[in-house]
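Following: one structure in structure tokens, then a few remarks.
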Amino acid sequence: MGWLRVQGLVPLLLAASQLVRGEDIIVRLRTGSSLAQGDPVVIATSLPIDCCSKFSAYGRTMRQNYEMMLDWLSEHRGGVRVDGPNNAPRPLEVVIYDDKSNLSNVERIYDKLVIQEG
Numbered sequence: 053m054g055w056l057r058v059q060g061l062v063p064l065l066l067a068a069s070q071l072v073r074g075e076d077i078i079v080r081l082r083t084g085s086s087l088a089q090g091d092p093v094v095i096a097t098s099l100p101i102d103c104c105s106k107f108s109a110y111g112r113t114m115r116q117n118y119e120m121m122l123d124w125l126s127e128h129r130g131g132v133r134v135d136g137p138n139n140a141p142r143p144l145e146v147v148i149y150d151d152k153s154n155l156s157n158v159e160r161i162y163d164k165l166v167i168q169e170g
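Residues in the sequence shown are numbered consecutively from 53, following the working numbering.
Here it is in structure tokens:
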């Protein structure tokens with residue numbers, strides 16, 4: 053894991069290319085604000101983030117959108133406020149599973165996210 057500056061933006065914690073269950077490459081992006089406290093709010097999704105699948109360009113674009121959102125939240129909000137505006141901001145973490153543009157992979161990943169991880 054290390055700090056990454058995305059196009060000169062606020063640092064994001066990136067644990068890239070971890071293997072999960074032998075196949076799923078995941079990317080973890082996290083807000084880098086020092087104001088954020090507590091456990092992160094986690095958003096998990098499935099995107100084609102590999103290099104060569106049918107919709108990989110779409111996946112790269114969506115990943116960049118998540119990176120910009122996390123940067124904006126870090127700079128302007130300090131994180132995500134849960135249970136009202138008077139609470140301290142919490143870090144936000146986006147977990148991206150690589151579905152390789154394959155419908156059966158998408159179904160398996162979302163099954164895991166909904167049933168196993170809640």
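C-beta: ideal position from N, C-alpha, C; glycine also.
C-beta contact flag for residue i and residue j at 9 Å
i	j	result
E145	P92	yes
G136	T83	no
S98	I161	yes
S156	D102	no
Integer-rounded CB distance, given that residue j should sit under 8 Å from residue i
i	j	result
V147	A96	4 Å
Y118	L81	6 Å
P143	R129	The Cβ separation is near 11 Å, so there is no contact.
Residue i - partner residues in DSSP beta bridges
i	result
E159	In DSSP, E159 forms no bridge with anything.
S98	Y149
V132	R142
Nearest-angstrom Cα separation, counted from residue j out to residue i
i	j	result
D151	P100	5 Å
D123	V134	18 Å
L165	N138	30 Å
Y149	I167	16 Å
K106	R112	12 Å
Y110	C104	11 Å
S108	M120	18 Å
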